[in-house]
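Chains as they are written, first to last, in the working numbering: chain S, 3 to 207; chain D, 3 to 207.
The beta carbon of each residue, even a glycine, is placed where N, CA and C say it ideally should be.
Bear in mind that the values here come from a model prediction, so they are computed numbers and not experimental data.
Inspection log for the structure reproduced underneath, given as structure tokens.
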DNA sequence: AGATTGAACAATCTGTTGATTATTCAGAAA
DNA sequence: TTTCTGAATAATCAACAGATTGTTCAATCT
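Okay, structure coming up:
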């Protein structure tokens with residue numbers, strides 16, 4: 003079995019090189035197979051299809067990113083608002099820059115999100131787990147309140163949808179997106195209803 | 003000039019019929035022209051092109067909708083939260099049902115939003131004006147607080163993006179969208195930070 | 001037996017052709 | 001002169017053939 007995983011890994015590495023040099027559409031299964039010194043048919047013992055190789059690559063790099071995002075979400079020396087800020091901004095900047103600078107990455111993102119909608123759902127579920135951790139810790143410290151944290155996390159994602167795959171949904175530049183995210187974050191954290199924290203003193207006669 | 007406006011109107015009516023019966027792509031300028039008993043070339047004295055006819059139709063019906071939305075936003079017997087709720091939900095339900103029940107309307111919406119991105123911006127600007135009215139009135143009554151109302155309106159739109167053209171961005175059903183909008187609305191109104199309104203009494207010794 | 005191949009098959013892409021149709025504009029009608 | 005026409009033009013679309021390529025599987029190898 004260790005051998006099998008090794009081969010899987012080899013295939014992923016070969017495909018990663020091809021995809022990033024020539025793009026997803028322009029690499030053939032035959033080429034990937036030759037790079038691994040095997041026949042095209044043999045690839046199918048390790049992956050159901052071409053798209054699944056792409057998905058495996060995406061999963062791998064995404065999981066690395068996720069690790070870092072979790073660190074931001076639970077950074078001990080920052081308050082909840084800062085941590086939420088860091089989390090959302092890191093996500094925005096990271097994906098924006100990746101898709102902006104690398105047309106191959108953009109192609110892969112487009113293909114996967116079109117052909118494998120469940121992949122996007124899986125990513126959202128992962129991030130939601132991080133958000134719930136953040137909310138839990140925030141409530142413990144009395145910084146945020148939220149009865150149903152799972153639901154609240156979902157709503158935060160809903161409200162920040164626009165910033166998750168920026169260039170698939172709008173043509174805004176990064177600075178404009180950052181300005182908007184800043185505003186939405188403020189809205190989410192403070193809300194529209196007046197806070198009475200500013201005047202906790204008695205004011206009635 | 004009144005005559006010219008009349009002809010414009012006649013063209014719009016003819017196109018409206020064709021578009022809604024056979025779809026935008028399947029109606030030709032020649033057909034619209036014959037319906038108006040004129041030559042195809044003559045249409046271009048009234049509209050720069052086919053898309054502009056579609057845009058004129060969309061503008062017309064949208065402006066009627068807008069009238070009603072404004073009424074909801076300033077309904078005198080409701081509080082700010084309810085008005086914001088009604089406004090956003092009416093928008094969601096209206097566009098969802100229109101696009102869901104009428105494939106022709108869906109086609110037109112798709113074409114216009116792809117080919118005329120400024121049209122969507124114009125719609126957003128209109129709705130933003132209504133939101134600002136709502137926020138102004140809400141602040142007057144002490145229900146909401148927001149320093150920069152224009153900016154806040156923009157952020158509300160940003161956070162509720164997903165519900166504006168529901169079926170262009172997700173495959174969610176109306177009930178699920180409504181549930182999500184309800185949650186996002188709560189988030190926007192209440193925020194995550196604890197409100198001290200629940201205990202306005204003295205609590206320090 | 002299980003692993004691997006590579007030819008066969010099916011699905012998709014590419015380029016091309018012909019037709020359809022949006023748009024223009026020289027000239028006719030008013 | 002101004003308004004309108006309709007043939008000419010250019011852009012887009014539909015359909016098709018041929019080639020390319022993802023996928024399968026009977027046969028081969030280990």
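- Contacts with chain D (Cβ-Cβ distance below 9 Å) from the region 125-148 of chain S involve 137, 140, 144, 145, 146, 147 and 148, listed in chain order.
- The criterion of a C-beta distance shorter than 9 Å is not satisfied by residue 186/D and residue 155/D.
- Within chain D, no C-beta atom comes less than 7 Å from the C-beta of residue 38/S; the nearest is roughly 37 Å away.
- The continuous alpha helix (DSSP H) containing residue 186/D extends over residues 176-192.
- Taking a 10 Å sphere around the C-beta of residue 73/S, we find fewer than 16 other C-beta atoms and assign the residue as exposed.
- Closer than 8 Å at the C-beta level to chain D, one finds no residue of the region 92-115 of chain S.
- For the pair of segments examined, the region 91-101 of chain S was found not to touch the region 8-26 of chain S: the number of CB pairs separated by less than 8 Å stays below three.
- Beta-carbon to beta-carbon, residue 21/D and residue 110/D are separated by about 7 Å, close enough to satisfy the 8 Å threshold.
- Think of a sphere of 9 Å around the beta carbon of residue 156/S: the chain D residues whose beta carbon falls inside it are 182 and 185, in chain order.
- Against chain S, the CB of residue 192/D has a partner CB under 9 Å away; the residue lies at that interface.
- Less than 9 Å separates the beta-carbon of residue 133/S from that of residue 75/S.
- Taking the C-beta atoms as reference points, residue 190/S is found no nearer than 9 Å to residue 179/D.
- Taking 9 Å as the threshold, the shortest C-beta distance from residue 89/D to chain S does not fall below it.
- Between residue 151/D and residue 138/D, the alpha-carbon positions lie close to 7 Å from each other.
- Shown here for residue 122/S: same chain residues with a beta carbon closer than 7 Å to its own, the five before and five after excluded, namely 115 in chain order.
- By the rule that beta-carbons nearer than 9 Å mark a contact, residue 153/S touches chain D.
- Around the beta carbon of residue 29/D, 16 or more other beta carbons sit within 10 angstroms, so the residue counts as buried.
- Around the beta carbon of residue 56/D, a 10 Å sphere encloses 16 or more other beta carbons of the protein chains shown; the residue is thus reported as buried.
- Scanning the region 48-131 of chain D for uninterrupted alpha helix (DSSP H) segments of 4 residues or longer gives 52-75, 82-103 and 105-117, listed from N- to C-terminal end.
- Sequence-ordered contacts of the region 160-182 of chain S with chain D read 160, 161, 163, 164 and 182 [C-beta pairs closer than 7 Å].
- Within chain D, the C-beta atoms nearer than 9 Å to that of residue 196/S come from 144, 145, 146, 147, 197 and 199, in chain order.
- For residue 154/D, the three-state secondary structure derived from DSSP is helix.
- Beta-carbon to beta-carbon, residue 129/S and residue 81/S are separated by about 20 Å, too far to satisfy the 8 Å threshold.
- Only those residues of the region 65-76 of chain D whose C-beta falls short of 8 Å from the nearest C-beta of chain S would be listed, and there are none.
- In this structure, residue 106/D places its C-beta atom within 9 Å of the C-beta atom of residue 23/D.
- In this model, residue 158/D and residue 164/D are separated by some 11 Å (Cα to Cα).
- For residue 147/D, the secondary structure class from DSSP, reduced to helix, strand or coil, is coil.
- At a cut-off of 9 Å between beta carbons, residue 118/S makes no contact with chain D.
- Inter-residue distance for residue 196/D and residue 60/S is about 38 Å (C-alpha atoms, whole angstroms).
- If you compare the alpha carbons of 141/D, 131/D, 168/D and 9/D with that of residue 44/D, the shortest gap goes to 9/D.
- Chain S places no beta carbon closer than 9 Å to that of residue 80/D, leaving this residue out of the contacts.
- When the alpha-carbon of residue 67/S is set against those of 100/S, 141/S and 35/S, the nearest one is in 100/S.
- Neighbourhood of residue 53/S in chain D, by CB distance below 7 Å: empty, with the nearest CB roughly 19 Å away.
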